[in-house]
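Below is one structure; the comments refer to it alone.
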Amino acid sequence: MTRTQQRRRCIWIGSAAGALLWLAALIIPAAIAGHITAEQPTTTPLQR
1 MTRTQQRRRC IWIGSAAGAL LWLAALIIPA AIAGHITAEQ PTTTPLQR
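At position 14 of the sequence shown (counting the first as 1) the number is 14 in this note's numbering, and the numbers step up by one without a gap.
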């Protein structure tokens, strides 16, 4: 494997890892917020 191929692979792995980190940063807060908002309607009818 030549040095340019190694560099391309390293860049590709880095960009893929960066994309996964961005997806996690976007999905995890949305999942937490969705979980919190999904729990609220179940507690409000019981309080009446």
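Note that beta-carbon positions come from the ideal geometry of N, C-alpha and C, so glycine has one too. This structure is a prediction, so every number in the text was calculated from the model and none was measured.
Query	Result
Neighbourhood of Leu21 by C-beta, 7 angstroms cutoff - its chain only, sequence neighbours within 5 removed	none
Cα-Cα separation, Thr4 to Gly34	44 angstroms
Distance between Ile36 and Leu26 (C-alpha atoms, nearest Å)	16 angstroms
Rounded C-alpha distance that separates Arg8 from Gly18	15 angstroms
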